[in-house]
Amino acid sequence: MQSIRLRGFCGPRLRRTVECVTSSFAGIPTPRTPLSEDQVLVTGDIADDWVFRTSHLDAHAREPVNVQYRTTRVREVHQVRGVPLHEVLAKVTLRTSEGSKMDRLSFVVVASSADGYRVLLSWAEVDPEFGACSAMLATRYNGRQLTRPTLVTPQDGRASRYVRDVARLEITRFGI
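Numbering (the UniProt record's numbering), first residue to last: 1 to 176.
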């Protein structure tokens, strides 16, 4: 079993979720490599796995936004352009349980980089009907087009949940 550090959730109530999630989070398999270096695999407890290209995502990108965060040394400001994560996730069909009230709220999204760095977001914090976390998949960073998107969480004061070179989005259910 590997050790996993989770940091920086959108709100204090989600910190309680970490204790419930950590045991099932360790069971997520190591990310497999997408078909090419500009593709991202979306997989997990969804009806069908699918792959998208960064260029396709970039074609649907919003106007640039400025993000600021603090590192251990300095405060940084960057301009990013991309697509809100909730819009990408709206294209998947979750494998929900019939008759369960608000079953989609028991899902989490794990964004994994090509080098294995992983960050967890709850479905509820990303869903605009609930947390409305402004997470986005940035396709351009300071005007430069990226090979793979970067997960950006503009509302965070630190960049710990930014995932560069996102290769995989895994949507999985956790038990309570």
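We put the CB at the ideal spot given by N, CA and C, even for glycine. Values in this document were obtained by computation on a predicted structure and should not be read as measured data.
Open item on the list: Which same chain residues end up closer than 7 angstroms to residue 92 when comparing Cβ atoms and leaving out the 5 residues on each side of it in sequence?
Closed with: Cβ within range, chain order: 42, 46, 171.
- [ ] Might you give, ordered along the chain, the residues of its own chain that have their beta carbon closer than 8 angstroms to the beta carbon of residue 134, omitting 5 neighbours on each side?
- [x] Closer than 8 angstroms at Cβ, skipping near neighbours: 84, 153, 154, 155.
Open item on the list: How far does the alpha helix (DSSP H) with residue 147 in it extend, from its first residue to its last?
Closed with: Secondary structure note for residue 147: it is in no alpha helix (DSSP H), and the uninterrupted beta strand (DSSP E) holding it is 144-152.
Task: Length at least 4, wholly inside the stretch 36-111: the alpha helix (DSSP H) runs in chain order - done: As summarised for the stretch 36-111, the continuous alpha helix (DSSP H) elements at least 4 residues long and confined to that stretch are 54-59, 85-89, given in chain order.
Open item on the list: For a test of the three-state rule: what should DSSP assign to residue 159, helix, strand or coil?
Closed with: If DSSP states are grouped into helix, strand and coil, residue 159 belongs with coil.
- [ ] Might you give, ordered along the chain, the residues of its own chain that have their beta carbon closer than 7 angstroms to the beta carbon of residue 49, omitting 5 neighbours on each side?
- [x] Correct list, in chain order: 41, 42, 43.
Open item on the list: So if DSSP puts residue 172 in a beta bridge, which residue, or which two residues, is it bridged to?
Closed with: Its beta-bridge partners are 108.
Task: 8 angstroms contact criterion, which residue 167 and residue 113 should meet: CB distance rounded - done: About 6 angstroms separates the Cβ atoms of residue 167 and residue 113, confirming a contact at the 8 angstroms cut-off.
Task: Residue burial classification, residue 60 (beta-carbon count within 10 angstroms, cutoff 16) - done: By the Cβ neighbour-count rule, residue 60 is exposed, with fewer than 16 other Cβ atoms within 10 Å of its own.
Task: For residue 173, the nearest candidate out of 106, 116, 117, 164 (CA to CA) - done: When each option's Cα is compared against that of residue 173, the closest is 106.
Open item on the list: What does DSSP give as the partner residue(s) for residue 167 in the beta ladder?
Closed with: Secondary-structure assignment with DSSP links residue 167 through no beta bridge to anything.
Open item on the list: Out of 76, 163, 38, which one is the CA nearest neighbour of residue 117?
Closed with: Nearest C-alpha to residue 117: 163.
- [ ] Please report the residue range of the alpha helix (DSSP H) in which residue 124 lies.
- [x] That run of the alpha helix (DSSP H) goes 123-126.
Open item on the list: Excluding the 5 residues flanking residue 130 on each side, which residues of the same chain have their C-beta closer than 6 angstroms to its C-beta?
Closed with: Cβ neighbours of residue 130 beyond the five flanking positions: 124.
Task: Alpha carbon of residue 104 to alpha carbon of residue 169, nearest angstrom - done: So the alpha carbons of these two residues sit roughly 16 angstroms apart.
Open item on the list: Measuring only the C-alpha atoms, how far is residue 38 from residue 151?
Closed with: Each residue's alpha carbon lies about 15 angstroms from the other.
TODO: Could you name the residues that DSSP lists as bridge partners for residue 138?
DONE: 82, 150, per the DSSP bridge assignment.
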